[in-house]
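K.L.:
Each residue of the sequence shown is one higher than the one before, counting from 475 in our numbering.
Sharing a structure here in structure tokens format.
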Amino acid sequence: PLAQSNHQSLIYIVNEFQKQTPTFATLKRYDLVTGNKTEIVKLQNASISAAQISADGQLLLFVSNDGAQQKLQAIRVDGQGLQTLYCNSSFLALPQWSSNQQLIAFEENVSGTAVIFLLHTSNGVLEKVFLQSNAGPRTYLLRTWLDTTHLYLVRTTTDRAPDVLSILTLTRGDNQTPSNLTQVVPSDLGSFDSSYDGTQLFVNHNTCAYSCQGPSDITVQPALGGTQHIIFSSAPYAVTNICAVTTRTLLLAIANQPFRNSQIDQSHNGLWSMHTDGTGLIRLTTDNTNIVTQLNHTSQFPWSNVSRDGTMYAATQTSNLKNQHPTYALIIGSLSGSAPTTIASISDGTTLDIAGWTTM
């Protein structure tokens, strides 16, 4: 068994490039107590994406790409036991690991048909649970798990945020199609997340397309669909991302962005936290016109953004956006609102991204 302590530790991705060609891809672990950084695995001539941590904090799932094929791989967070679970030429949507660690859902294109597979981790069996032929620009993409029998899917649309959020109920059998889906949010949505206990769904609505500004709001409703109630709204500012990270806490990103050289109010851009009832808004980061702070875009489980003890958050900051090589930084901070700390920063073409939190 993996030896674990109570040190909160952040796992992150480092992708190095020579011009645009991947040279090295590394998964690293940062110990919040000691400040030590440890390499978990380093791959040559490849890139790593979609890294996420198991519910028990002991395993890492990620996609490696060597230019010829993509591999769905897993490794212990101490660097032992690297294994390849599946290979293909391209994943249409990021693989998602169930909270019981028994199922990995992923989507790929099979001869023009978008297919969602379930990989059973106990025996390697592949189950084909959803098919969409000739989808065109309105393809249903896998987004995340609600629980071990329900997957959230979004329907994409050109140059805008997804326009429909639906539920795929796995107990209805294999080879389901769009007609089998249950529509949960029937109109434009910026982002969404289920509550910490999985009973509710928080949905962010905004009008972002070529530019991004208010109005926007956050609603709450039953996780499987039902009446929406507004818990937060803003006329001038665009909420672009939300994550439910504890039983009472939401993280949200505000990101007003102009179209070309137009003038727009960006004074509130950055990360914020608030209670799940819409009260207690606290500013966590301040983004200027040259900085964008982003939450984890791979996985929506609480430990993807917030430490296992529920006190610290992590985020990626990108700055010097107009430079040939933007600056990537990883920040960690307290959910109580104190100034964040930068734990890694680089501007030579290397990219940094967050996988999530464990204890080591």
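Heads up, the beta-carbon is just placed ideally off N, CA and C, and yes, glycines get one too.
Considering only their Cβ atoms, is the gap separating Thr656 from Ile641 smaller than 8 Å?
P.N.:
What you label residue 641 is simply residue 167 of the sequence shown in a count that begins at 1. What you label residue 656 is simply residue 182 of the sequence shown in a count that begins at 1. It is a contact, given that the beta carbons lie within the stated cut-off.
K.L.:
Could you check the C-alpha separation between Ser668 and Gly509 for me, to the nearest Å?
P.N.:
As a working note, residue 668 is residue 194 in the sequence shown. As a working note, residue 509 is residue 35 in the sequence shown. Looking at the two C-alpha atoms, the distance is approximately 32 Å.
K.L.:
Would the beta-carbon of Ile817 fall within 8 Å of that of Tyr787?
P.N.:
For the purposes of this step, residue 817 is taken as residue 343 along the sequence shown, with counting starting at 1. For the purposes of this step, residue 787 is taken as residue 313 along the sequence shown, with counting starting at 1. No, these two residues do not count as a Cβ contact at 8 Å.
K.L.:
Using three-state DSSP, classify Thr772 as helix, strand or coil.
P.N.:
Counting from one through the sequence shown, the residue named residue 772 turns up at place 298. Looking at Thr772 - three-state DSSP - the assignment turns out to be coil, as it is neither helix nor strand.
K.L.:
Given that a residue counts as buried once 16 or more other Cβ atoms are within 10 Å of its Cβ, and exposed if not, what is Lys493?
P.N.:
The residue given as residue 493 occupies position 19 in the sequence shown. Lys493 comes out exposed.
K.L.:
Looking only at its chain, what residues have a beta carbon closer than 8 Å to the beta carbon of Arg782, apart from the 5 residues adjacent to it on each side?
P.N.:
On the sequence shown, position 308 is the one that residue 782 refers to. Only Gln482, Gly531, Trp831, Thr832, Thr833 meet the Cβ criterion.
K.L.:
Under 7 Å from any heavy atom of the ligand NAP, does the C-beta of Thr785 make it?
P.N.:
Among the components modelled here there is no ligand, and therefore nothing to report on the ligand NAP.
K.L.:
Alpha carbon to alpha carbon, how far is Pro800 from Arg617?
P.N.:
Start at 1 with the first residue of the sequence shown, and residue 800 comes out as number 326. Start at 1 with the first residue of the sequence shown, and residue 617 comes out as number 143. Approximately 27 Å between the Cα atoms of the pair.
K.L.:
Measure the C-alpha to C-alpha separation of Ser808 and Thr785 and round it to an integer number of angstroms.
P.N.:
Here residue 808 refers to the residue found at position 334 of the sequence shown. Here residue 785 refers to the residue found at position 311 of the sequence shown. Between the alpha carbons of Ser808 and Thr785 lies a gap of roughly 6 Å.
K.L.:
Less than 8 Å between the CB atoms is what I'm expecting for Trp777 and Ile578, so what's the real figure, rounded?
P.N.:
Taking the first residue of the sequence shown as 1, we reach residue 777 at position 303. Taking the first residue of the sequence shown as 1, we reach residue 578 at position 104. Not confirmed; about 17 Å, so no contact.
K.L.:
Taking the C-alpha atoms as reference points, what is the distance between Asn770 and Thr790?
P.N.:
What you label residue 770 is simply residue 296 of the sequence shown in a count that begins at 1. What you label residue 790 is simply residue 316 of the sequence shown in a count that begins at 1. Their backbone Cα atoms lie some 8 Å apart in a straight line.
K.L.:
Return the chain-ordered ranges of every alpha helix (DSSP H) run that is complete within the stretch 615–651 and spans a minimum of 4 residues.
P.N.:
none
K.L.:
DSSP on Ser521, reduced to helix/strand/coil?
P.N.:
Reading the sequence shown from its first residue, position 47 is the one you call residue 521. Looking at Ser521 - three-state DSSP - the assignment turns out to be strand.
K.L.:
What's the gap between the Cα of Leu726 and the Cα of Glu582?
P.N.:
As a working mapping, residue 726 is identified with position 252 in the sequence shown. As a working mapping, residue 582 is identified with position 108 in the sequence shown. When rounded, the separation of the alpha-carbon atoms in Leu726 and Glu582 is 30 Å.
K.L.:
Checking 8 Å against the spacing of the C-beta atoms, do Ser690 and Ala718 come in under that value?
P.N.:
Start at 1 with the first residue of the sequence shown, and residue 690 comes out as number 216. Start at 1 with the first residue of the sequence shown, and residue 718 comes out as number 244. No, they are not a contact pair.
K.L.:
Provide the residue span of the beta strand (DSSP E) that contains Cys686, from first to last.
P.N.:
Within the sequence shown, residue 686 is the residue found at index 212, counting from 1. Segment: none, Cys686 is in no beta strand (DSSP E) and carries neither H nor E.
K.L.:
Beta-carbon within less than 6 Å of His742's beta-carbon, same chain only, minus the 5 sequence neighbours each way: which residues are those?
P.N.:
Within the sequence shown, the letter at position 268 stands for residue 742. Within the same chain, His742 has close Cβ partners Tyr711, Ile728.
K.L.:
Quick check on Asn680: does DSSP put it in helix, strand or coil?
P.N.:
Position 206 of the sequence shown, counted from the start, is the residue given in the question as residue 680. If DSSP states are grouped into helix, strand and coil, Asn680 belongs with coil.
K.L.:
Taking its Cβ as the centre, do 16 or more other Cβ atoms sit within 10 Å of Asn480, making it buried, or is it exposed?
P.N.:
Position 6 of the sequence shown, counted from the first residue, corresponds to residue 480. Exposed, because fewer than 16 other Cβ atoms sit within 10 Å of the Cβ of Asn480.
K.L.:
Hey, Ala525 and Leu506 are a contact pair by Cβ (cut 8 Å); roughly how many whole angstroms apart?
P.N.:
Residue mapping note: residue 525 aligns to position 51 of the sequence shown, counting from 1. Residue mapping note: residue 506 aligns to position 32 of the sequence shown, counting from 1. Approximately 18 Å separates the beta-carbon atoms of Ala525 and Leu506; this is outside 8 Å, ruling out the contact.
K.L.:
Kindly indicate which three-state DSSP category Ser690 falls into: helix, strand or coil?
P.N.:
The residue you call residue 690 lines up with position 216 of the sequence shown. Three-state result, Ser690: strand.
K.L.:
I'd like the list of long-range same chain contacts for Asn649, defined as Cβ closer than 7 Å, with 5 residues on each side in sequence excluded.
P.N.:
Here the question's residue 649 lines up with position 175 in the sequence shown. For Asn649, where only same-chain residues beyond five positions count, the Cβ hits under 7 Å are Lys602, Leu605.
K.L.:
Per DSSP, what kind of secondary structure is Ser778 in: helix, strand or coil?
P.N.:
For the purposes of this step, residue 778 is identified with residue 304 of the sequence shown, where counting begins at 1. Residue state, collapsed to three classes: helix.
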